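Colleague:
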Amino acid sequence: MTLQKPSPAPQVTARRRRTQAERSAEMREKACIATLQALTEVGYERISTKLIADRAKVSRGALTHHFPMRNDLLVAAFEYLVNSWERNWPFTAEPALPRLSIEELIDALWERLFSTEHYMAAMELMLAARMDSDLGQRLREVQLRWSGIRDTIAARILGVATEDDKNHLFLQLNLCLLRGIAVHKSFDNDPAVDLKLLTLWKDIVREQRVIHLPGAGRAEDVPSA
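Going by the UniProt record's numbering, the sequence shown wraps up at 225, each residue one higher than the last.
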């Protein structure tokens, strides 16, 4: 009878102990995600620090240590959401930004931003900020920085000059339409209503030729789908 040699014991790799900064960053991220989920699912009026702590699976003490006031948590969650938009295509394509038609940019913004899981959380915060001057001021500071990045990159993707008032107004109008579609979809019974409205909006944009390319006045110079 031949005795088999025992298998060598598996190597146990010591797990690196996380730093305090890493634990704090993880806790803040969990709190921000829980806040965005709560805003999306139950709305601004019904959220509380207890609800957020329960959803994030952290103690209320730990939550209030990092976010002493509820507005601190709301602003941090909004910053977290905006940062996720900045990290998404096409905004992360620097320095080689794609050249898209207006219709393609509309589709990209809708898919990557306005139709995402937590976009309605941003709407909840924007509406709440109307009645809370402190929250409003702090959210506007975050929004101002983001909108500057967003609009500059969108103009470069389209190849248009933002100095042209018509181009600037179109970029703002496009955002208004996409926000409206996002809100409308949240309570419309037709599950395809967003796609129908987006198709109609792109048809209007194409037919009206709503932007001016720099140095171009001919209709054929305007990009189309």
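Ideal Cβ placement from N, Cα and C applies to all residues, glycine included. Predicted model only: the values in this text are computed from it and were never measured.
(1) Can you list, in chain order, the residues of its chain whose CB lies under 6 Å from that of Y80, leaving out five sequence neighbours each side?
(2) Taking the CB atoms as reference points, tell me whether I52 and A34 lie closer together than 8 Å.
(3) Using C-beta distances below 8 Å, list every residue in its chain close to E86, excluding the 5 sequence neighbours before and after it, in chain order.
(4) In terms of alpha-carbon separation, which member of D203, R60, E41 lies closest to T49?
(5) To the nearest angstrom, how far is the alpha carbon of N189 from that of Q137?
(6) Thinking C-alpha only, which one of L197, P95, L63 is nearest R179?
(7) Taking the alpha carbon of A174 as the reference point, which residue from V142, S84, E41, I102 has its own alpha carbon closest?
(8) Distance check for H118 and Q37, CA to CA, integer angstroms please.
(9) Per DSSP, what kind of secondary structure is N88 in: helix, strand or coil?
(10) Below 8 Å between beta carbons: does that hold for I157 and L109?
(11) Work out the CA separation of R18 and residue 233 for me, nearest whole Å.
(12) Less than 8 Å between the C-beta atoms of L139 and V75, yes or no?
(13) Helix, strand or coil: how does DSSP classify G215 here?
(14) Return the first residue and the last residue of the alpha helix (DSSP H) that W201 is part of.
(15) Sorted by chain position, which residues of the same chain lie with C-beta nearer than 7 Å to R28's C-beta, five sequence neighbours on each side aside?
(16) Is the distance from the Cβ of W201 to the Cβ of L171 below 8 Å?
Modeller: This is what the structure holds:
(1) C32.
(2) Contact flag set, yes.
(3) Cβ within range, chain order: T92, W146, I149.
(4) Nearest of D203, R60, E41 to T49, Cα basis: R60.
(5) Our two residues, N189 and Q137, have alpha carbons roughly 35 Å apart in a direct line.
(6) When each option's Cα is compared against that of R179, the closest is L197.
(7) As written in the sequence, residue 174 is Asn, which differs from the Ala given in the question. Relative to N174, the option among V142, S84, E41, I102 whose CA is nearest is I102.
(8) Their backbone Cα atoms lie some 7 Å apart in a straight line.
(9) It is coil, neither helix nor strand.
(10) It is not a contact, given that the beta carbons lie outside the stated cut-off.
(11) Residue 233 lies beyond the stretch modelled for the chain, which goes from 1 to 225, so this question has no answer here.
(12) Cβ atoms of L139 and V75: closer than 8 Å.
(13) At G215 the pLDDT is 45, less than 50, meaning the model places this residue with poor confidence; the figure from the coordinates comes in the next sentence. Coil at G215, not helix or strand.
(14) DSSP places W201 in the uninterrupted alpha helix (DSSP H) bounded by 193–208.
(15) Closer than 7 Å at Cβ, skipping near neighbours: H66, A76.
(16) Cβ atoms of W201 and L171: not closer than 8 Å.
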